[in-house]
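Q:
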Amino acid sequence: MSGEKLKIAIAGLGRMGARHATHFFGLTPRATLVAASTPEKSEIEWAETNLPGVKTYLNFDEMLETEMKNGLQAVVIASATAVHAEQAIKAIRLGLHVLCEKPLSTNADISQSVVDEHKAALQKFPDQKVMCGFSRRFDPSYRDAYEKMQAGVIGVPSVFRSQTCDKLDPSGFFVAYAQFSGGIFVDCSIHDIDLALWFYGEDVVVKSVCAVGITAVSPELRKYNDRDNAVGIVEFYGGKIAQLFCSRMMAAGQEDSTEITGNAGKLAINTQPMTNLVNIYEPTGIRREIPPHYYGRFKDAFIVEANEFTACCLDNKPLPMKLDGAVKAVAIGQALQESLITGQKIEFDETGARKDKKLQARL
Ligand SMILES: NC(=O)c1ccc[n+]([C@@H]2O[C@H](COP(=O)([O-])OP(=O)(O)OC[C@H]3O[C@@H](n4cnc5c(N)ncnc54)[C@H](O)[C@@H]3O)[C@@H](O)[C@H]2O)c1
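Quick note on the working numbering: the sequence shown kicks off at 2 and runs consecutively.
1) With H, G and I counted as helix, E and B as strand and the rest as coil, what does DSSP make of residue 294?
2) Could you tell me which residues DSSP pairs with residue 319 in its beta bridges?
3) At which residues does the alpha helix (DSSP H) containing residue 154 begin and terminate?
4) For the putative contact between residue 281 and residue 255, defined by C-beta atoms under 8 angstroms, what is the C-beta separation to the nearest angstrom?
5) Cβ of residue 17 versus every heavy atom of ligand 1: is any distance shorter than 7 angstroms?
6) I'd like to check one pair, residue 322 with residue 138: are the Cβ atoms closer than 8 angstroms?
7) In the DSSP output, what is residue 256 paired with across the bridge?
8) Do the region 194–206 and the region 286–300 make contact, defined as three or more Cβ pairs closer than 8 angstroms?
9) Select from 265, 194, 75 the residue whose C-alpha is nearest the C-alpha of residue 101.
10) Going by alpha carbons, who is nearest to residue 21 out of 42, 80, 4, 67?
11) Which residue wins for smallest C-alpha separation from residue 10, given the options 51, 24, 38?
12) How about residue 111 and residue 152: are their beta carbons less than 8 angstroms apart?
13) Taking only the alpha-carbon atoms, compute the straight-line gap between residue 48 and residue 131 and give it to the nearest angstrom.
14) Go through its chain and collect everything with a Cβ distance to residue 307's Cβ below 6 angstroms, but skip five positions before and after it.
15) Check whether the Cβ atoms of residue 105 and residue 89 sit closer than 8 angstroms, and answer yes or no.
16) Give me the DSSP bridge partner(s) of residue 247.
17) Taking its Cβ as the centre, do 16 or more other Cβ atoms sit within 10 Å of residue 174, making it buried, or is it exposed?
18) Would you kindly report the start and end of the unbroken beta strand (DSSP E) that includes residue 132?
19) Distance check for residue 13 and residue 46, CA to CA, integer angstroms please.
20) Mind checking residue 124: buried by the 16 CB within 10 Å criterion, or exposed?
21) Between residue 49 and ligand 1, is there a pair consisting of the residue's CB and a ligand heavy atom that are separated by less than 7 angstroms?
22) Under the three-state reduction of DSSP, which class applies to residue 237: helix, strand or coil?
23) Enumerate, from N- to C-terminal direction, the unbroken alpha helix (DSSP H) stretches of 4 or more residues contained entirely within the region 317–351.
Below, the structure written as structure tokens:
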């Protein structure tokens, strides 16, 4: 292991970007955060206070142009989803390593274009690393469950149930967010879809999807073709199924949990959410607190992600997951979102291509 530090920059300093910036600034010993960009002036002010010595830019392109001359090696993309692909492609073409927040895009074809650019860039930059940040893959509980499944503890896994459920936010935040998020399946369930692809294996092929949803708390979401609660069913070739629940309505806090059932047992992750091991005994009973949002649950996973990504870049080690999987996840999320709105079941052939699109192309 060399003593070299990875020179990394960040794009986006919103909720997630500020967290990534903090992790790379102070909690990733083998990385140096050299620059940050955001078009939002208030976020530049935040960076000047909280990231001393880090150069700030209002423009992503200008940051890349200037910092490339200073030896920039990598970039984290934590901007709004709508610009992930274009920013990732610019960085890939320059030979930079890229950690891009999920999803690569709300559209599978655009997501594929990021993969294609990376494949082309590898001819010139064979050691380039490009990863989509599915943070749950770095969580110790999910990793432990995965290892147990691999060791045969539950036999052959065939039923997967997973949920991403946010705390109710009555401020209207999720309505504004829905304009650009791609919808609840692409924004929330993408994590559960990625987990299903991980646990079932990267070669698993989707056979069909269908979904239903409601607006139990935010009817305004309908104008953006979104819902605040939804359930999706994904069928895979080879006799495997997944049931996904996504919600913006949890009263207690963040409730992200997963169950994987096989013919010899079941693994369950976080089915009893908790902030820590404290139980509060009161006259009315016993209760425990749970994290109010995803960061409370996954903070440690994000820090592991930053450190492992850095190590893979510096030591030229393979990344823990393939970029192609991030496209598969968007394709399934997009199809679930479509099914949610149209009520139609969407079917795929054994190559993973949509049957209806192929039919339309032939007509
Ligand atoms: N891995 C996870 O668990 C997780 C959790 C939350 C968010 N995310 C992802 O992180 C990304 C950011 O989410 P957030 O909650 O921080 O959003 P946010 O709205 O708080 O921040 C978005 C950032 O992008 C910048 N931005 C907006 N429009 C831009 C444009 N046209 N060009 C360049 N920059 C632009 C904003 O200035 C801001 O810095 C999203 O893609 C989201 O899906 C991932």
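Virtual Cβ for every residue (Gly too), placed ideally from N, Cα, C.
A: Checking against the coordinates, here is how it stands:
1) For the purposes of this step, residue 294 is taken as the residue at position 293 of the sequence shown. In this structure, residue 294 counts as coil in the three-state DSSP scheme.
2) For the purposes of this step, residue 319 is taken as residue 318 along the sequence shown, with counting starting at 1. Partner residues in a beta bridge of residue 319, as assigned by DSSP, do not exist.
3) Against the sequence shown, residue 154 aligns to sequence position 153. Looking at the DSSP string, residue 154 is not in any alpha helix (DSSP H), and its letter there is neither H nor E.
4) Residue mapping note: residue 281 aligns to position 280 of the sequence shown, counting from 1. Residue mapping note: residue 255 aligns to position 254 of the sequence shown, counting from 1. No, residue 281 and residue 255 are not in contact; Cβ-Cβ is about 18 angstroms, not under 8 angstroms.
5) In the sequence shown, the residue the question calls residue 17 occupies position 16. Under cutoff, so the answer is yes.
6) Here residue 138 corresponds to residue number 137 of the sequence shown, with the count starting at 1. Here residue 322 corresponds to residue number 321 of the sequence shown, with the count starting at 1. Closer than 8 angstroms, so yes.
7) As a working mapping, residue 256 is identified with position 255 in the sequence shown. According to DSSP, residue 256 bridges with 166.
8) no
9) By 1-based counting over the sequence shown, the position of residue 101 is 100. Among 265, 194, 75, the Cα nearest to that of residue 101 belongs to 75.
10) For the purposes of this step, residue 21 is taken as residue 20 along the sequence shown, with counting starting at 1. Checking every option, the nearest Cα to that of residue 21 belongs to 80.
11) Within the sequence shown, the letter at position 9 stands for residue 10. Per the Cα distances, 38.
12) Position 110 of the sequence shown, counted from the first residue, corresponds to residue 111. Position 151 of the sequence shown, counted from the first residue, corresponds to residue 152. No, Cβ-Cβ distance for residue 111 and residue 152 is not below 8 angstroms.
13) Residue 48 sits at position 47 when you count from the first residue of the sequence shown. Residue 131 sits at position 130 when you count from the first residue of the sequence shown. Cα-Cα distance, rounded: 25 angstroms.
14) Taking the sequence shown and counting its residues from 1, the one referred to as residue 307 is at position 306. Contacts found: 24, 25, 29.
15) The residue given as residue 105 occupies position 104 in the sequence shown. The residue given as residue 89 occupies position 88 in the sequence shown. Contact flag set, yes.
16) Start at 1 with the first residue of the sequence shown, and residue 247 comes out as number 246. In DSSP, residue 247 forms a bridge with 165, 231.
17) For the purposes of this step, residue 174 is taken as the residue at position 173 of the sequence shown. In the assembly as shown, residue 174 is an exposed residue. Its beta-carbon has fewer than 16 other beta-carbons within 10 Å.
18) Numbered from 1 along the sequence shown, position 131 holds the residue referred to as residue 132. Element bounds for residue 132: 131–134.
19) On the sequence shown, position 45 is the one that residue 46 refers to. On the sequence shown, position 12 is the one that residue 13 refers to. In this structure, the straight-line span from the alpha carbon of residue 46 to that of residue 13 is close to 13 angstroms.
20) Taking the first residue of the sequence shown as position 1, residue 124 is located at position 123. Exposed, because fewer than 16 other Cβ atoms sit within 10 Å of the Cβ of residue 124.
21) Position 48 of the sequence shown holds residue 49. Result no, Cβ not under 7 angstroms from ligand 1.
22) As a first step, residue 237 is located in the sequence shown; it is residue number 236 there, counting from the start. Strand, per DSSP.
23) Counting only runs of 4 or more, we get 325–343.
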